[in-house]
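Below you'll find the structure, written out as structure tokens, and then a few comments.
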Amino acid sequence: MHSKTVTEGDNVTLMCSVSGMPPSMVSWMKHNGQLHSGHLLELVNISRNEAGEYKCEASNERGNAIEMATIDVQYAPTITNISGGQTVDKGDVLSLFCMAEGNPAPTITWTLDKSRRQQSSELLNDYPW
Numbered sequence: 001m002h003s004k005t006v007t008e009g010d011n012v013t014l015m016c017s018v019s020g021m022p023p024s025m026v027s028w029m030k031h032n033g034q035l036h037s038g039h040l041l042e043l044v045n046i047s048r049n050e051a052g053e054y055k056c057e058a059s060n061e062r063g064n065a066i067e068m069a070t071i072d073v074q075y076a077p078t079i080t081n082i083s084g085g086q087t088v089d090k091g092d093v094l095s096l097f098c099m100a101e102g103n104p105a106p107t108i109t110w111t112l113d114k115s116r117r118q119q120s121s122e123l124l125n126d127y128p129w
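Position 26, counted from 1, in the sequence shown is what UniProt numbering calls 26; the numbers after and before it change by one each time, with no gaps.
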């Protein structure tokens with residue numbers, strides 16, 4: 001077993017290869033306790049909520065064996081919170097904030113859209129963009 005990195009929306013199949021006599025019962029358990037029977041665990045249209053550790057357990061009357069697999073679900077960034085429009089006077093300090101989530105963690109970059117300047121053109125021209 002091993003780790004898999006996938007993209008949200010992909011289909012993922014985890015396989016638990018088992019040998020033993022007598023034949024083993026095989027089950028998968030997700031970190032939240034959800035149980036699935038069988039050698040294959042198929043996750044269709046995987047979502048970020050399904051990321052995490054999965055445990056495969058094989059057991060028969062002679063004992064049991066456990067293997068772990070980790071699924072890392074990557075997804076595009078989304079902005080979760082951003083400061084609203086603000087009016088400031090020349091010389092005032094302006095604080096803006098932006099929060100985003102994604103996997104891998106997104107980088108936030110601020111740019112000035114000079115084509116959208118309205119009455120603030122003098123102030124924006126004074127700022128060293």
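Positions of the beta carbon are idealized from the N, C-alpha and C atoms, including for glycine. Predicted, not measured: the structure shown is a model, and the values here were computed from it.
Between residue i and the rest of its own chain, which residues show a CB-CB distance below 6 Å, the 5 nearest in sequence each way excluded?
i: residue 52; result: 31
i: residue 191; result: This structure does not reach residue 191, given that the chain is present from 1 up to 129, and the question cannot be answered.
Could you check if residue i is buried or exposed, using at least 16 other CB atoms within 10 Å of its CB as the buried criterion?
i: residue 26; result: buried
i: residue 24; result: buried
i: residue 108; result: exposed
i: residue 22; result: exposed
i: residue 105; result: exposed
i: residue 120; result: Low local confidence applies: a pLDDT of 43 at residue 120 is under 50, so the model's placement there is unreliable, and no value is given.
Got a sec? Which residues, its chain only, sit under 8 Å from residue i by beta carbon, not counting five neighbours each side?
i: residue 35; result: 27, 28, 29
Pop quiz: residue i and residue j are said to be a contact at Cβ under 8 Å. What is the actual Cβ separation, rounded to whole angstroms?
i: residue 11; j: residue 45; result: 7 Å
i: residue 98; j: residue 56; result: Actually they are not in contact, since the Cβ atoms of residue 98 and residue 56 sit about 41 Å apart, beyond 8 Å.
In its own chain, which residues sit with a C-beta less than 7 Å from the C-beta of residue i, not counting the 5 before and 5 after it?
i: residue 132; result: Nothing about residue 132 can be reported from this structure: the residues present for the chain run from 1 to 129 only.
Which partner residues of residue i appear in the DSSP bridge assignment?
i: residue 137; result: Residue 137 lies beyond the stretch modelled for the chain, which goes from 1 to 129, so this question has no answer here.
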